[in-house]
Amino acid sequence: MSHAVNGDGDPGVPPAPSGAAARSTASDTSAPDAAETADAATVTVWRSTAGHDSVTVFLERKHACRQLVDYATEELRRLLVGLPTGTTLTVRMEPVVGRGDGWRVTGVP
Numbered sequence: 001m002s003h004a005v006n007g008d009g010d011p012g013v014p015p016a017p018s019g020a021a022a023r024s025t026a027s028d029t030s031a032p033d034a035a036e037t038a039d040a041a042t043v044t045v046w047r048s049t050a051g052h053d054s055v056t057v058f059l060e061r062k063h064a065c066r067q068l069v070d071y072a073t074e075e076l077r078r079l080l081v082g083l084p085t086g087t088t089l090t091v092r093m094e095p096v097v098g099r100g101d102g103w104r105v106t107g108v109p
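Position one of the sequence shown corresponds to residue 1 (the UniProt record's numbering), numbered consecutively onward.
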């Protein structure tokens with residue numbers, strides 16, 4: 001997946017989904033749901049901020065972004081922070097209480 005880059009070298013907003021993904025329902029919001037927190041979610045790396053150990057990922061299914069800011073293990077942190085933009089993978093994650101839209105990665109199935 002490629003994203004447009006603005007003049008600052010910052011990836012723009014991910015493209016809108018096409019086909020079936022474009023037909024969203026009222027329950028298809030950016031709020032966490034049971035499937036997202038209990039099961040694995042497929043995400044695409046949008047931007048990695050290695051200096052801050054955070055990774056912005058895009059959930060195609062929900063057409064939403066998540067900020068990965070905490071990791072269950074050091075190995076997970078190293079793996080995810082080092083991934084290039086556009087990499088798609090499946091992760092298990094849970095919301096981090098008190099961190100806005102921050103998420104903790106609990107595993108990579």
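Note that CB positions come from ideal geometry on N, CA and C, so glycine has one too. These numbers come from a predicted model, not from an experiment.
| query | result |
| --- | --- |
| Identity of the residues DSSP links to GLY49 by a beta bridge | Note that residue 49 is Thr in the sequence shown, not Gly. DSSP, once it has assigned bridges, lists SER54 as partnering THR49. |
| Test item: CB-CB of THR49 and GLN67 under 7 Å | no |
| Three-way DSSP call (helix, strand, coil) for GLU60 in this model | coil |
| Per DSSP, cross-strand counterpart(s) of VAL91 | ALA41 |
| Rounded C-alpha distance that separates VAL97 from LEU80 | 21 Å |
| Identified DSSP bridge partners for VAL97 | For VAL97, which the question treats as bridged, DSSP gives no partner whatsoever. |
| For HIS66: DSSP bridge partner residues | The sequence as given places Arg at residue 66; His does not occur at that position. For ARG66, which the question treats as bridged, DSSP gives the partners VAL57. |
| Range covered by the beta strand (DSSP E) that runs through VAL108 | Careful: VAL108 lies outside any beta strand (DSSP E) and carries neither H nor E. |
| Spatial distance of GLY51 from ALA64 (CA atoms) | 23 Å |
| Endpoints, alpha helix (DSSP H) assigned at LEU76 | 74-81 |
| From THR90, GLY107, ASP53 and PRO95, residue whose alpha carbon lies closest to that of ARG78 | ASP53 |
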